[in-house]
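One structure below.
Residue numbers (this note's numbering): -9 to 277.
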């Protein structure tokens, strides 16, 4: 039963984020900076579930759950690239909302296609550097037993503890690299949204309610992404059961909830998805 449940959730993750990508690319009304960033966030969420979920689901049906050293390193590498990219994309989406709400007359000038591409390239460069810097210190660690990784997938905190050497400095490096960056980015985003909220409340126009709805959506996604990251990388005494729950939540449920939040709370996206569904239905009837 557990395996079936996890498999079903994984399929929903992929379908939800794939549908957002298809909708944004196919509907000309959604060819704007905000939806460009949203489509890339959906692509990243699809990557999260692709890196961790298949192996996680496969292991649910096996008595002996094993992963090779190279496979473990590969998981860590892509998890942290994707995490770094998503972090920058969330900051870019915050900046996009700031310009749209606080400087609407300059929006198309500031959030030009060139700026959007710059955000995307910067996100991937930072994600790559973020991942490689940590792996450079970890990949040559000596491992002489035990070899039991008490988690659903490989990540730095549990992986480092298996090394047969003093890992205090490495654990501090991971905390500084992943933990403090996550915490700092989280507070920057929350402060920026508070500033935008104060700006919105000064206006009593009908557009303020739409802006508040958009902001609440972004804040929920930020909390869902950064909450588990901050706890996993900064909590000094991790507990196995809570870590496992957060692992599943971060790898499977968060990408699924992101797609649900962005679609159910966005009228334009829901209308565009109805058009996509109707076109698919008509096409299938013709076939």
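For each residue, glycine too, the CB sits at the ideal point set by N, CA and C.
Predicted model only: the values in this text are computed from it and were never measured.
Rounded straight-line distance, which links the Cα of residue 8 to that of residue 242:
Computed Cα separation, rounded: 15 Å.
Within its chain, find whatever has a CB closer than 7 Å to the CB of residue 118; leave out the 5 residues flanking it on each side and keep chain order.
So the qualifying residues of the chain are 71.
Where residue 58 and residue 42 are concerned, what is the direct C-alpha to C-alpha distance, given to the nearest angstrom?
Rounded to the nearest angstrom, the gap between the Cα atoms of residue 58 and residue 42 is 14 Å.
Check residue 102 in the structure and name its three-state DSSP category.
Looking at residue 102 - three-state DSSP - the assignment turns out to be coil, as it is neither helix nor strand.
Tell me, to the nearest whole angstrom, how far the beta carbon of residue 14 is from that of residue 36; I am working on the premise that it is less than 8 Å.
That pair is no contact at about 13 Å.
For residue 151 and residue 157, what's the separation of their Cα atoms in angstroms?
Using only the alpha carbons, I get a separation of about 7 Å.
Pairwise C-alpha distance: residue 205 and residue 167:
Rounded to whole angstroms, the separation of the alpha carbons of residue 205 and residue 167 is 28 Å.
Between the stretch 72 to 89 and the stretch 207 to 222, are three or more C-beta pairs nearer than 8 Å?
Yes, the stretch 72 to 89 touches the stretch 207 to 222.
Neighbourhood of residue 183 by C-beta, 7 Å cutoff - its chain only, sequence neighbours within 5 removed:
Once the five neighbours on either side are set aside, the close Cβ partners of residue 183 are 84, 205, 208 and 209.
Please state if the CB of residue 233 and the CB of residue 141 are separated by a distance shorter than 8 Å.
The answer is yes: Cβ separation under 8 Å.
Beta-carbon contacts of residue 34 that lie in its chain and below 6 Å, excluding the five residues immediately before and after:
Excluding residues within five positions, the ones whose Cβ falls inside 6 Å are 72, 75 and 76.
Relative to the alpha-carbon of residue 47, which residue among 253, 238 and 249 has its alpha-carbon at the smallest distance?
Nearest neighbour of residue 47 by Cα position, chosen from 253, 238 and 249, turns out to be 238.
Is the beta carbon of residue 69 less than 8 Å from the beta carbon of residue 253?
The answer is no: Cβ separation not under 8 Å.
With residue 59 as the anchor, note down where its alpha helix (DSSP H) starts and where it stops.
First-last of the alpha helix (DSSP H) with residue 59: 59 to 92.
Can you find the residues in the same chain that come closer than 7 Å, C-beta to C-beta, to residue 247, ignoring five residues on each side of it along the sequence?
In its chain, beyond the 5 residues on either side, 214 have a beta carbon closer than 7 Å to the beta carbon of residue 247.
Rounded to the nearest angstrom, how far is the Cβ of residue 86 from that of residue 262, given a contact under 8 Å?
Not really, about 18 Å apart at Cβ, beyond 8 Å.
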